[in-house]
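Novice:
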Amino acid sequence: MDAKNPLDTVKAAAGTAVRKAAEMLEHKVPGVPGSTTPPLEEPTQPQGPLPPKSDQDGPQTRTPTGAETGAPKTAVGPQGEWLTTSDGVRLHDTDHSLKAGERGPTLLQDHHLREKITHFDHERIPERVVHARGSGAHGVFVGYGTGSSVCRAAFLAEGTQTPVFVRFSTVLGSRGSADTVRDTRGFATKFYTQEGTFDLVGNNMPVFFIQDGIKFPDIVHAAKPHPDREIPQAQSAHDTFWDFVSLHTEAQHHTLWNMSDRGIPRSFRMMEGFGVHTFRLTNTAGETSLVKFHWKPKLGVHSLTWEEAQLLGGLDPDFHRRDLADAIEAGAHPQWELGVQVFPDTPEQTFEGVDLLDPTKIVPEELAPVQPIGQMTLNANPVNFFAETEQVAFHVGHVVPGIDVTDDPLMQARLFSYVDTQLTRLGGPNFNQIPINRPHAPVNDMLRDGFHQDGVHGGAAPYRPNSLDGGNPFDADADNGAFIEAPVRIPESSKVRAAPASFDDHFSQARLFWASMSAVERQHIVRAYTFELGKCYEQVIKERQLRALAEIDADLCEQVATGLGLPAPSATLPPTESTPSPALSQVGSRWPVDGRMVGIVVDADDPDSLGDLSSLRSAVFGAGMVPLVVAARGGQVAGDIPVQRTFATGRSVEVDALLLAACPAPAPDALPSRDEKAGPVGGPGGSPVDPRVRLLVEECYRHAKAIGAWGGGVDALRAGGCTAGDVGVVVGDSGSAVLDEVLGLLASHRAWERFPA
Ligand code: HDE
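For the sequence shown, the working numbering gives the first residue as -19, with consecutive numbering after it.
1. In whole angstroms, what separates the C-alpha of L78 from that of W62?
2. Considering only heavy atoms of the ligand HDE, does any lie closer than 7 Å to the CB of V256?
3. Considering only the beta carbon of each residue, do V151 and G166 sit closer than 8 Å?
4. Drop a sphere of 10 angstroms on the beta-carbon of Q566, count the other beta-carbons inside from all chains shown, and report buried for 16 or more, exposed for fewer.
5. Looking at H274 and F254, is the spacing between their C-beta atoms short of 8 Å?
6. Give me whichever residues DSSP pairs with V711 in a beta bridge.
7. In whole angstroms, what is the alpha-carbon distance linking E3 and F411?
8. In terms of residue numbering, what span does the beta strand (DSSP E) encompassing H234 cover?
9. Examine the Cβ distances between the region 250 to 264 and the region 549 to 561 and report whether three or more of them are shorter than 8 Å.
10. If you draw a straight line from the C-alpha of G663 to the C-alpha of A310, how long is it?
11. Beta-carbon separation of G114 and L358 under 8 Å?
12. Comparing the CB of A168 with every heavy atom of the ligand HDE, is any distance shorter than 7 Å?
13. Cβ atoms of A203 and D223: under 8 Å apart, would you say?
14. Reducing DSSP to helix, strand and coil, say where E48 ends up.
15. When you compare only the Cα positions, how much space is there between V606 and R249?
16. Identify whether A1 lies in helix, strand or coil by the three-state DSSP scheme.
17. Comparing C-alpha positions only, which one of L71, D219, L427 and H206 sits nearest to K522?
18. Count the other CB atoms within 10 Å of the CB of K475; is the residue buried (16 or more) or exposed (fewer)?
19. For the ligand NAD, any of its heavy atoms closer than 7 Å to the Cβ of Y398?
20. Considering only residues of the same chain and omitting the five flanking positions on each side of A603, which have a CB-CB separation below 8 Å?
21. Near A490, which residues of its chain fall below 6 Å by C-beta distance, leaving aside the five closest residues on each side in sequence?
22. Go to G225, then tell me how far its alpha helix (DSSP H) extends in each direction, as first and last residue.
23. Give the DSSP bridge partners of Q321, in chain order.
24. Once you ignore the five residues that flank P471 on each side, which residues in its own chain have a CB closer than 8 Å to its CB?
25. Closer than 7 Å by C-beta to A618: which residues in its own chain qualify, once you throw out the five before and the five after it? Chain order, please.
26. Would you say H683 reaches chain B, if we count a Cβ-Cβ gap shorter than 8 Å as a contact?
27. At which residues does the alpha helix (DSSP H) containing S595 begin and terminate?
28. Check whether the Cβ atoms of R613 and T626 sit closer than 8 Å, and answer yes or no.
29. I think R301 touches D179, with their Cβ atoms under 8 Å apart; what is that distance to the nearest whole Å?
30. Buried or exposed: where does K8 fall if 16 or more other Cβ atoms within 10 Å of its Cβ makes it buried?
31. G46 and V423: beta carbons closer than 8 Å?
32. State the DSSP-derived secondary structure class of Q539, mapped to helix, strand or coil.
33. Any contact of the region 581 to 589 with the region 631 to 647, i.e. 3+ C-beta pairs under 8 Å?
34. Buried or exposed: which applies to I194, given that a residue is buried once 16 or more other Cβ atoms fall within 10 Å of its Cβ?
35. What I want to know is whether the C-beta of N183 ends up closer than 7 Å to one or more non-hydrogen atoms of the ligand HDE.
36. Excluding the 5 residues flanking I431 on each side, which residues of the same chain have their C-beta closer than 8 Å to its C-beta?
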């Protein structure tokens, strides 16, 4: 593997996509619904479809067989100025059905009514069996060239730019479920390479619940809502989940990851991604290596607190979706580095004692460093959710020359599943012809007909060999860029339904993970288990899971048992040596703050709090973040600065840091009788601050967020129970002075020391 640093030129090519604050939408807060400001009155002059917003982009306009059309992307959207039928016939009225008289019955003859209603009746397609709730974005991947020593895939070559589409998801919830539930997250990337499409269909956790794909229906049935009442939605805190994982203990390592902060990410932009399985790469010399893929987020790996996640489930169930779209719109384009851990392709397929075919195991990064091979930037939001994010179809078998699968029995089952599931979900075998799935390489596949065939295939002989079509298409060979399976030797063996003995180790790596956590992360894990098991009905399931925890760590087991009011069992398995892997912990570093939300509390009646608001806002934008001005009522303050949240509509969970410029007195709508969120008017000692502002301060403090105050804001700080000396609390003379320090705190994500550990 070439050890040189990723090339600056390549980085610059992708890096230019990150527009900094000066260009940030002329300092507008993201979220505007359309590309132009609508008029108050209903428009009367036809003007044709409006362009998409500047942050949006659709799939390339390719034919179903991969050719560029040169057509603008708007060519696949609505055309012309007039309302038409789906056949393009202009209509004069879509507000009334055709009836036998104004008060008479509707006529069967009304073909416009029937077309409109019939199409509407069939607007829904089956949601994904798993990963139904997702959010997508377009971007570009740029190869560093460093991967070429192990992989011949052309898109990894230095400076090669490849369009990508990424879909992030939760696993368990239905399509309309909340984003911030405790769950694994999907991280699926479609690379539209010149050699065909490569899909890296990974997760934000490097291990999986099961070792063999045949158990996938079992774990998913156990984790989905109970089949009788269909509750709970999008959660693992219920009996069937813990029943299964406590019995099928190979799930324990992944379960521990889910109970850790990784299960409640702050943002899709702040998640690692993992290919999970080991892949086999081949270079141009034909040499093979085994590798594990990693996505490393530029913004670091960060999480919500459990209380934030729960509040957001009600206050903003679209929190992650909104965060991704807003960040892209604001120009804070999220970036990841793609890296590989490279292992020698030995017959045993193990590395330092880790079975590389066992998807419940990681190889610690300290043993095999992640070597960067390229960078991805997400720089555009989809134009249409259904056409793109919903219809995108990933497949583990979409690999390109140089990238091959391995015999990991979980991966093997996936190779079957991802085509099969689209047949039902997307209604037939031609799903690769849907615009978002169209390859950017020429397609000549001899697959014909089927539902929703978009191609118009010429020729008389879709078979091989043929002479009628001149023998077309021809088999390629390696020199012509053919995908050729690595000729791996399979040791002599018998057909069996069995796993290798190494798969019996279910606990050594769970112990490694626990050993690698900081004190505060361990505390979160204890609370997560206590919450989840506390939600189970059956005592025996709690007891059985405690037995599994005893095998991971006695202290973990003891603490959870205490919370459950049950005795802690002892381990039965011998202890194993665990060298902690610092790379598994999320705390202790500093990261860029791009796209972070900064709440600024002002008081429209207090001119002092508005004095430097404009420059403060600019400074927040200038740091690549987004300010949210919060005041008692809507409208504008300090001239034309919009109030984005009122005390009634805002809540602490939306912001990463809080700046207090004022101590607003209770607003009229703070009366408890009119807004139960307000609580009693007046703070400790009856201080006259609006109770919602006090709540903001209290929650931000409890969630270890940076808080800054100056001027009247210092009183609000006090009313929220904080003082200048508290960890992560900054008091200064002006907004800009405070912001500088708050920025420094935000770089660590939270004021971690505030959590008693
Ligand atoms: Fe999936 N998985 N999976 N999975 N998976 C699907 O495919 C399946 C597994 C993952 O945003 C489905 O198109 C089986 C591991 C992601 O569209 C389905 C097995 C990993 C997504 C399916 C696994 C994943 C899916 C549902 C065990 C991490 C969302 C709809 C053998 C490496 C992709 C669909 C998107 C989606 C089957 C295990 C990740 C049913 C049978 C391990 C990110 O085909």
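For glycine and all other residues, C-beta sits at the position ideal for the given N, C-alpha and C.
Specialist: By the coordinates alone:
1. In this model, L78 and W62 are separated by some 20 Å (Cα to Cα).
2. Yes, the ligand HDE has a heavy atom inside 7 Å of this Cβ.
3. A contact, by the Cβ cut-off of 8 Å.
4. Looking at its Cβ environment, which holds 16 or more other Cβ atoms inside 10 Å, Q566 is buried.
5. Going by C-beta atoms, F254 is nearer than 8 Å to H274.
6. For V711, the beta-bridge partners assigned by DSSP are A689.
7. In this prediction, E3 scores a pLDDT of 47, lower than 50, which makes its location untrustworthy; no coordinate-derived value is stated.
8. Unbroken run through H234 is the alpha helix (DSSP H), Q232 to M239; no beta strand (DSSP E).
9. Cβ pair count under 8 Å is below three, so no.
10. In this prediction, G663 scores a pLDDT of 49, lower than 50, which makes its location untrustworthy; the coordinate-derived value is nonetheless stated afterwards. Each residue's Cα considered, the two are about 36 Å apart.
11. Not closer than 8 Å, so no.
12. Within the cutoff, so yes.
13. No, the Cβ-Cβ distance between D223 and A203 is not below 8 Å.
14. Under the three-state reduction of DSSP, E48 is assigned to strand.
15. If I take the Cα positions, the gap works out to 15 Å.
16. Interpretation of A1 is limited by its pLDDT of 40, a score under 50 that renders its predicted location unreliable; no figure is taken from the coordinates.
17. Cα-wise, what sits closest to K522 is D219.
18. Around the beta carbon of K475, a 10 Å sphere encloses fewer than 16 other beta carbons of the protein chains shown; the residue is thus reported as exposed.
19. Of the ligands this structure carries, namely the ligand HDE, none is the ligand NAD.
20. Taking A603 as the centre and dropping the five residues before and after it, the same chain places the C-beta of A1, V573, L719 and L723 closer than 8 Å to its C-beta, in chain order.
21. So the list reads Q232, H233, L236 and I532, once near-sequence residues are dropped.
22. The sequence given here has Val at residue 225, not Gly. Run containing V225: D219 to L227, per the alpha helix (DSSP H) assignment.
23. Its beta-bridge partners are K272.
24. Scanning its chain for C-beta atoms nearer than 8 Å, with the 5 sequence neighbours on each side dropped, one finds around P471 the residues P327, in chain order.
25. Excluding positions up to five away in sequence, the list reads L590, L593 and S594.
26. Of the protein chains in this structure there is only one, and it is not chain B.
27. Unbroken alpha helix (DSSP H) run through S595: L593 to G602.
28. Cβ atoms of R613 and T626: closer than 8 Å.
29. Between D179 and R301 the Cβ distance is about 21 Å, and since that is not below 8 Å, they are no contact.
30. With fewer than 16 other Cβ atoms inside 10 Å of its own Cβ, K8 counts as exposed.
31. The Cβ atoms of G46 and V423 lie closer than 8 Å to each other.
32. Three-state DSSP puts Q539 in a helix.
33. These segments touch.
34. It is exposed - the Cβ of I194 has fewer than 16 other Cβ atoms within 10 Å.
35. Indeed, a heavy atom of the ligand HDE lies less than 7 Å from the Cβ.
36. Inspection of the sequence shows that residue 431 is occupied by Phe rather than by Ile. Here the set comprises G407, G408, P409 and N410.
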